[in-house]
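27 is the number of the first residue of the sequence shown in the numbering used here; add one for each residue after it.
All residues carry an ideal CB built from backbone N, CA and C; glycine is no exception.
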Amino acid sequence: MSDAALPEPASQPHEQEHSTSSPSLPQAVTSPSLVDGPQRKGRRFAEETTDYLKAWLHRHSDYPYPSEDEKAHLCHATGLSRTQLSGWMVKARRRHRAVRGGEVDRTQDRPDSKRLETKNHQSVEDFRLQPVPSEYRKEGCDWVVLYNPNVKETLDINLVHTFVHESFVCCVHFSADGRYLATGCNHTAQIFDTTTGEKVCVLVHDGVVERENLYIRCVRFSPDGELLVTGADDLRIRIWDIAKGRVQQVFDGHQREVYSLDFSRDGRFIISGSRDNTIRIWGLYDKFHKVLTINNDEYSLRSGILSVTISPDATLVAAGMGDTTLRIWDVASGILLERLRGHKDSIYSVAFTSDGKGLVSGSADKSVKYWDVSVLAARSAESQLGNETPTPTLSRPSSSSDRSVVPCTMDFVGHRHWVLSVSVTPDSRWVASGSSDRCVHFWDSRNASLGFVLEGHKNLVLSVDLSPMGGLLATGSSDHLARIWNYTTV
């Protein structure tokens, strides 16, 4: 079995449906352009290769001439030969000088040029292709932050800790008090002290059947911080007693990989989502077990549930689907209340805002969307108080947002590849998104403006999480690193 971290997007349904092994990593990781040699599109190198080189040029715009060691590193990372690399660099520097000398920048005319259509009129493409003034750029030894010069409120971000793992870091999650960070990788979940950076616990997962790879795809602390729940490729959900370092309970029932988990805020329930097209609600202290199934329609049968989240008041469960839909259930009755359409590809991550009135989704269509679920949340809460059965408000495929009680109110557009993870600050002000373009974007949820772009990993950013106490961001990547960053408003 090859290293696995993510299912294929909805744009490749047939391979996904007939696969008998764990889904492979996105092509952005294993692409020959970055590992085995440069792939060309016509006479051009693959987009992943040129993106990598453009990022290097941007970080070294003051002196865009790589040393011999840097050339060796770039050739190894992209698969280019020295001759190919030198030729690309010469042309890139020539284009750069032409732009700075006053020639028209024709990158805006390219069909694939992505712009961030927000009030600040600053595109993410501008950040990557244009020199950013030094006061809006910060560089570390192996990371760079590009700040948006067109926003009034300035953010600052710095690297605090780096945790090296032996495999892909599939997931990261902060404890409720922000004191600890849990990570999931191959065969182990690990817990770190966010202040000292000390590794305080390693939880080794032994499968029922011995296997080379057993990826821990999702981790969640209990609200009191005493337990850690993990979901893995062996279909099992384990509840760990952290102090004792051993499994307290095991939940079996899913027939495919467990992709996502969440804890109810009162700690009574665990929600799990799986590639088997079911969401399960497990009672932690009793034998309660409820299964939420997907209707047997053409798309959902081959989609799988890629992400689940439960609302702060535990009345709603939302799931991101491989069939491009976002679905919302009433917890008490198990009734499907909404089926939201808007994304054009698989939805890899969903997260409620802290007040339960907003829902954020990240998709393989490269976008992040903000949905207003305030009406639906209020109705569900009222139904529970009155012991009534909630009424489904399912939107038809042709429905526009104004006909649904859950409109999409904002689009955050700017990532160049799949959005794999989203998280929201405790005050609901900021949204963080991690992508297979190796970047984290920090967005203002009030107007969808971009605060900054963080290039802090050498490969896909598989998971992001914002501390419930504020001020800290965690990132996990297929470059085998998990990192903690602190962010502040200047």
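Give the secondary structure of Val116 by DSSP, where H, G and I count as helix, E and B as strand, and everything else as coil.
-> helix
Could you spell out where the beta strand (DSSP E) holding Glu524 opens and where it closes?
-> This structure cannot speak to residue 524, because the chain is shown only from 27 to 516.
Can you check whether the CB of Thr256 is closer than 8 Å to the CB of Ile242?
-> yes
Integer-rounded CB distance, given that Phe478 should sit under 8 Å from Val198 = Going by Cβ atoms, the distance from Val198 to Phe478 rounds to 19 Å, so no, they are not a contact pair.
Are the Cβ atoms of Arg119 and Pro90 separated by less than 8 Å?
-> yes
In terms of residue numbering, what span does the beta strand (DSSP E) encompassing Cys465 cover?
-> 465-470
For Ile336, the nearest candidate out of Ala403, Val284, Gln281 (CA to CA) = Closest by alpha carbon: Ala403.
Hey, how far is the Cα of Ala344 from the Cα of Ile354?
-> If I take the Cα positions, the gap works out to 4 Å.
For Ser93, the three-state DSSP class (helix, strand or coil) = coil
With DSSP as the reference, label Glu527 as helix, strand or coil.
-> In the structure as shown, the chain begins at 27 and stops at 516. Residue 527 is therefore absent and cannot be evaluated.
By Cβ distance, which residues of its chain are closer than 8 Å to Val230, with the 5 residues on each side in sequence left out?
-> His213, Thr214
Lys270, buried or exposed, once every other Cβ within 10 Å from all chains shown has been counted against 16 = exposed
Reduced DSSP secondary structure (H/G/I, E/B, other) of Pro49 | Any reading at Pro49 must be qualified, since the residue scores a pLDDT of 34, below 50, and its modelled position is unreliable; no value is offered.
Are Leu446 and Leu488 closer than 8 Å when you measure CB to CB?
-> yes
Compute the Euclidean distance between the alpha carbons of Met115 and Arg246, then round it to the nearest angstrom.
-> 45 Å
Below 8 Å between beta carbons: does that hold for His483 and Arg464?
-> His483 is a Cβ neighbour of Arg464, given a cutoff of 8 Å.
Please list the segments of the beta strand (DSSP E) lying wholly inside the stretch 303-389, counting only runs of 3 or more residues, in order along the chain.
-> Qualifying beta strand (DSSP E) stretches, in chain order: 304-309, 315-319, 331-336, 342-347, 352-356, 362-366, 373-378, 384-389.
Asp302 to Glu224 span [Cα, whole Å] | 37 Å
Paired residues, beta bridge with Glu165 - DSSP = Val170
Determine the extent of the beta strand (DSSP E) in which Thr515 is found, giving its start and end residues.
-> 507-515
For Ala508, the nearest candidate out of Thr109, Thr104, Ala208 (CA to CA) = Ala508 has its Cα closest to that of Ala208, out of Thr109, Thr104, Ala208.
In its own chain, which residues sit with a C-beta less than 6 Å from the C-beta of His191, not counting the 5 before and 5 after it?
-> Cys211, His506
Throw me the rounded Cβ distance for the Met347 and Ser329 pair, which I believe falls under 8 Å.
-> 5 Å between Cβ atoms; contact.
Where the beta strand (DSSP E) containing His187 begins and where it ends | 181-190
Select from Met495, Lys383, Ser406 the residue whose C-alpha is nearest the C-alpha of Asp398.
-> Comparing Cα positions, the closest option is Lys383.
Nearest CA to the CA of Ser503: which residue from Val490, Thr514, Asn512?
-> The closest CA to that of Ser503, considering only Val490, Thr514, Asn512, is found on Val490.
Keeping to the same chain, check which residues put their C-beta closer than 6 Å to that of Leu287; ignore five residues upstream and five downstream.
-> Correct list, in chain order: Cys244, Arg246, Val255, Gly257, Ser298.
Can you give me the Cβ contacts of Thr451 inside the same chain, cut-off strictly under 7 Å, excluding the 5 residues immediately before and after it?
-> Leu492, Gly496
Measure the Cβ-Cβ separation of Trp469 and Leu476 and say whether it is below 8 Å.
-> In this structure, the beta-carbon distance from Trp469 to Leu476 falls below 8 Å.
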